[in-house]
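**Student:** Here our numbering is used: the first residue of the sequence shown is 9, the next is one more, and so on. Next up is a structure, given as structure tokens.
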Amino acid sequence: MTELVRGQISDRPWGLTFGQLGLREITGQLTVHAVDGRDYRVAFERGAVVGATSPQPTDSATRIAMTSGLISSSQVANVARQIAATPEIDEIALLASACRLSPEQVSKLHRRVIAQRAARTFSVESGAFVVEDEITIAMAPEAAVDVRAVVYQGARMNLSEVRLLTELKTLGSHFTLGETAIGHAEWFGIDPPELPILDLLVGGTSLPALEAKHRELDPRSVQAVIYALVSCRECIATNPVEPVVRPRTPTPQSPDGISVSFRPRTGEHTIPDSIAIAVPRTATAKGALPRPTSPEPSAEAEFRTANGTRAGIVAPRTRTAAPTTPPLTLRAKSSTVQPPLDGNPASPTIGPTSTTAPPTLDNPAAAIPGRPKSETAPWPRGKTPTIPPSSSSGMSIPRTLSQNPTGAPRELGYSEGTDRITQSLSEAAESFKRGVDALHAHQLPLAFEQLMRASTLNPHEFEYSAMLAFAQLANALPGDRPKSADKVRKMLTHLTQKSREPVQAMVFLGQLERLLNNDKQAIVHFRAALAAQPDHNQAAIEIQQIEDKVAEKGFGGFFRKK
9 MTELVRGQIS
19 DRPWGLTFGQ
29 LGLREITGQL
39 TVHAVDGRDY
49 RVAFERGAVV
59 GATSPQPTDS
69 ATRIAMTSGL
79 ISSSQVANVA
89 RQIAATPEID
99 EIALLASACR
109 LSPEQVSKLH
119 RRVIAQRAAR
129 TFSVESGAFV
139 VEDEITIAMA
149 PEAAVDVRAV
159 VYQGARMNLS
169 EVRLLTELKT
179 LGSHFTLGET
189 AIGHAEWFGI
199 DPPELPILDL
209 LVGGTSLPAL
219 EAKHRELDPR
229 SVQAVIYALV
239 SCRECIATNP
249 VEPVVRPRTP
259 TPQSPDGISV
269 SFRPRTGEHT
279 IPDSIAIAVP
289 RTATAKGALP
299 RPTSPEPSAE
309 AEFRTANGTR
319 AGIVAPRTRT
329 AAPTTPPLTL
339 RAKSSTVQPP
349 LDGNPASPTI
359 GPTSTTAPPT
369 LDNPAAAIPG
379 RPKSETAPWP
389 RGKTPTIPPS
399 SSSGMSIPRT
409 LSQNPTGAPR
419 ELGYSEGTDR
429 ITQSLSEAAE
439 SFKRGVDALH
449 AHQLPLAFEQ
459 LMRASTLNPH
469 EFEYSAMLAF
479 AQLANALPGD
489 RPKSADKVRK
499 MLTHLTQKSR
509 EPVQAMVFLG
519 QLERLLNNDK
529 QAIVHFRAAL
539 AAQPDHNQAA
549 IEIQQIEDKV
559 AEKGFGGFFR
569 KK
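What follows is the structure, encoded as structure tokens:
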């Protein structure tokens, strides 16, 4: 027996691990060792799932046959006794014989049993796994299940809500459907009501945007579909970098009342911070540009056309030195920095090649709209002209290239949608802070209002949802609190392990137990908070209040440290 792979369940999202075993078409056996001592086994043959075992009673063949409508509840006890009496016989074969199932029903039951048992591995949150080349469990190659269907069923049925959201954030924040995903949808077993989710992912979107625009879709189904698609390489997950948002402040006009607007021919409004443009002397008001100190260029001065070739009379023998700052060449849709064609690293080119010649110090009017080449004279070499600020670009341009001596382009961009999302996240964080402060001050209505707003603005921040659930419980009547206590307790316990402020979560967990009159358990959480942060005043006050309460009842130091 050869060990192929070994690792921990928590190494990365389990869907990625399980999906890769199938996509790499391995043949072997996966064994998952849960921390509670239970083992789950899955057999693979060339990437297909051909067998599985599970210790859960709900995964027995008789239970699955009953829930699938293949046998009645009155037959379950009889079949269970026969299976227990003859453990050496395959339980599905015994069940089929006892209940007289047709071959089609047996095949259907076999696939459901394999898929459900294999998907049960997604319920294991912590433990180890190992993949070996030898298979020791029973197999049914004729009832093989596609690994994609197992991943989707496991994500939809067995991943907890918190874990599903957490692993989705690990995978990415922006999802774009792959080219083959729609054709492979049946391999995942995606139900018809969930098929529109694939169409919404074609152009790429984020989970918050998808749920905000299509509230008719079940959030759990949306999350499970995206999780399965990404895990099986049918969807591309990325974490896009937000563009820098610059304020749109109006810029003043030039002294002569004429504003100079320069844009690429494509209509793009994003331009580099620094650019050197030679403005024709005949079109510039007196005093708008500095007078050149070098001799005026003669009519025989050299200049170049858009393609860089010489055009005109032979240049004079004596030439002035080239400018020390390398010129920038502006191309439409500036996005990436490409090396120039001449191989000179000092002259960066911004963006892809455009059919329109870019403006340079050698050819200033090449890309000025509506300007004939014959009407433009070159700016003297060695001089850096100043540029009046553009009133139409929505941002101020530095007046000289020397203010950006490196010549490196700066990424500029503005996205109204991105701006709104950024503003919503900022408002959500502020509301969350006000809500937590209100909880500390025991202002429950205000806390509930602010936390509800934070959770609405950013529904995928688990900490907001957990604190909102706690505020709802605290604001409820004492008789109604136990109904949601277990859910809130689990959420706060998760926060103590994953939150950026685990001590605060410990304190709220203790306050939860106090609201439920579990003072003994509450003081455990408060002392844990003090152990993590000895100067935490709120935890110390809570402990003192509990001990004073116990002392009044005559139990002395029941809760005190020994």
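Where a beta carbon is used, it is the ideal one built from N, C-alpha and C, also for glycine. Predicted, not measured: the structure shown is a model, and the values here were computed from it.
Give a yes or no on whether the C-beta atoms belonging to I17 and G135 are separated by under 8 Å.
**Tutor:** Their beta carbons are under 8 Å apart, which means I17 touches G135 by this criterion.
**Student:** What are the start and end residues of the beta strand (DSSP E) that includes H118?
**Tutor:** First-last for H118: P111 to A127, but that is the alpha helix (DSSP H), not the beta strand (DSSP E).
**Student:** For H182, does the three-state DSSP call read helix, strand or coil?
**Tutor:** Three-state DSSP puts H182 in a strand.
**Student:** Let me know the secondary structure DSSP gives V58 once reduced to three states.
**Tutor:** V58: strand per DSSP, three-state reduction.
**Student:** Can you tell me which residues form a DSSP beta bridge with E53?
**Tutor:** In the DSSP output, where bridge partners are listed per residue, E53 has A56.
**Student:** Identify which residue in V170, T246, H192 and P200 has its Cα closest to the Cα of Q231.
**Tutor:** Cα-wise, what sits closest to Q231 is V170.
**Student:** Taking 8 Å as the limit between beta carbons, can you name the residues of its chain near E140, skipping five residues before and five after?
**Tutor:** Hits under 8 Å: M9, T10, E11, L12, G36, Q37 and T39.
**Student:** Take the Cβ of A540 as the centre, count every other Cβ of all protein chains shown within 10 Å, and call the residue buried at 16 or more, exposed below.
**Tutor:** A540 should be labelled exposed.
**Student:** Can you check the stretch 185-259 for any beta strand (DSSP E) of at least 3 residues that lies completely inside it and give the ranges in chain order?
**Tutor:** Runs found: 243-246.
**Student:** Can you give me the C-alpha to C-alpha distance between Q83 and Q64, rounded to a whole angstrom?
**Tutor:** One C-alpha to the other measures close to 20 Å.
**Student:** What are the complete alpha helix (DSSP H) segments, minimum 4 residues, inside the stretch 11-40?
**Tutor:** Listed in chain order, the complete alpha helix (DSSP H) runs (minimum 4 residues) inside the stretch 11-40 are 22-31.
**Student:** Quickly, what does DSSP pair A136 with across the bridge? List them, please.
**Tutor:** Its beta-bridge partners are Q16 and H41.
**Student:** Please report the straight-line C-alpha distance between N247 and L218, rounded to a whole angstrom.
**Tutor:** Approximately 16 Å, taken between the alpha carbons.
**Student:** How big is the Cα-Cα spacing for A530 and A513?
**Tutor:** Their backbone Cα atoms lie some 12 Å apart in a straight line.
**Student:** What first and last residue would you give for the alpha helix (DSSP H) that runs through L78?
**Tutor:** Premise fails: L78 is in no alpha helix (DSSP H) and is neither H nor E.
**Student:** Here's a check: name, in chain order, each residue in its chain whose Cβ is nearer than 7 Å to the Cβ of A236, leaving out the five neighbours to either side.
**Tutor:** Excluding residues within five positions, the ones whose Cβ falls inside 7 Å are G23, R156, V159, Y160, A163 and F196.
**Student:** First and last residue of the alpha helix (DSSP H) that includes S105?
**Tutor:** Here the alpha helix (DSSP H) through S105 covers E99 to C107.
**Student:** Sort N525, S434, E521 and P21 by Cα distance to E133 and report the nearest one.
**Tutor:** Comparing Cα-Cα distances from E133 to each of N525, S434, E521 and P21, the minimum goes to P21.
**Student:** So G59 packs on A148, CB below 8 Å; how close in whole Å?
**Tutor:** Sure, about 6 Å apart at Cβ, within 8 Å.
**Student:** Who does V159 pair with in a DSSP beta bridge?
**Tutor:** According to DSSP, V159 bridges with nothing at all.
**Student:** Skipping 5 residues on each side, what residues in its chain have a beta carbon closer than 6 Å to that of D527?
**Tutor:** Hits under 6 Å: I554.
**Student:** Cutting at 8 Å between CB atoms, please list the residues of its own chain near H448, excluding the five before and the five after it.
**Tutor:** Only Q546 meet the Cβ criterion.
**Student:** By DSSP, does D556 sit in helix, in strand, or in coil?
**Tutor:** Residue state, collapsed to three classes: helix.
**Student:** Measure from the alpha carbon of A56 to the alpha carbon of each residue in R508, R32 and E224, then state which is nearest.
**Tutor:** Out of R508, R32 and E224, R32 has the C-alpha closest to the C-alpha of A56.
**Student:** Ordered along the chain, which non-local residues of its own chain (more than five positions away) have a Cβ less than 6 Å from that of I79?
**Tutor:** For I79, where only same-chain residues beyond five positions count, the Cβ hits under 6 Å are A73 and C107.
**Student:** Output needed for D98: all residues of its chain with C-beta closer than 7 Å, excluding positions within five of it in sequence on either side, in chain order.
**Tutor:** Same-chain partners within the cutoff: A146.
**Student:** Please report the straight-line C-alpha distance between A220 and Q451, rounded to a whole angstrom.
**Tutor:** Their backbone Cα atoms lie some 30 Å apart in a straight line.
**Student:** In whole angstroms, what is the alpha-carbon distance linking A42 and T61?
**Tutor:** Distance between the alpha carbons of A42 and T61 is about 14 Å.
**Student:** Pull up the CB-CB distance for A69 and L103, whole angstroms please, since I reckon it's below 8 Å.
**Tutor:** Rounded, the Cβ-Cβ distance is 6 Å, consistent with contact.
**Student:** How is D527 classed by DSSP in three states: helix, strand or coil?
**Tutor:** Residue state, collapsed to three classes: helix.
**Student:** Under the rule that 16 or more other beta-carbon atoms within 10 Å means buried, what is E175, buried or exposed?
**Tutor:** By the 10 Å Cβ count, E175 comes out buried.
**Student:** Excluding the 5 residues flanking K557 on each side, which residues of the same chain have their C-beta closer than 8 Å to its C-beta?
**Tutor:** Contacts found: D527.
**Student:** Taking the alpha-carbon positions, what's the H124 to D67 distance?
**Tutor:** Note that residue 124 is Gln in the sequence shown here, rather than His. Going from the Cα of Q124 to the Cα of D67 covers about 7 Å.
**Student:** Using CA coordinates, which residue listed in L465, A446 and R508 is at the minimum distance from A482?
**Tutor:** The residue with the shortest Cα to Cα distance from A482 is A446.
**Student:** Are the Cβ atoms of A479 and M499 separated by less than 8 Å?
**Tutor:** No. Outside cutoff.
**Student:** I need the DSSP call for D141, collapsed to helix, strand or coil.
**Tutor:** In this structure, D141 counts as coil in the three-state DSSP scheme.
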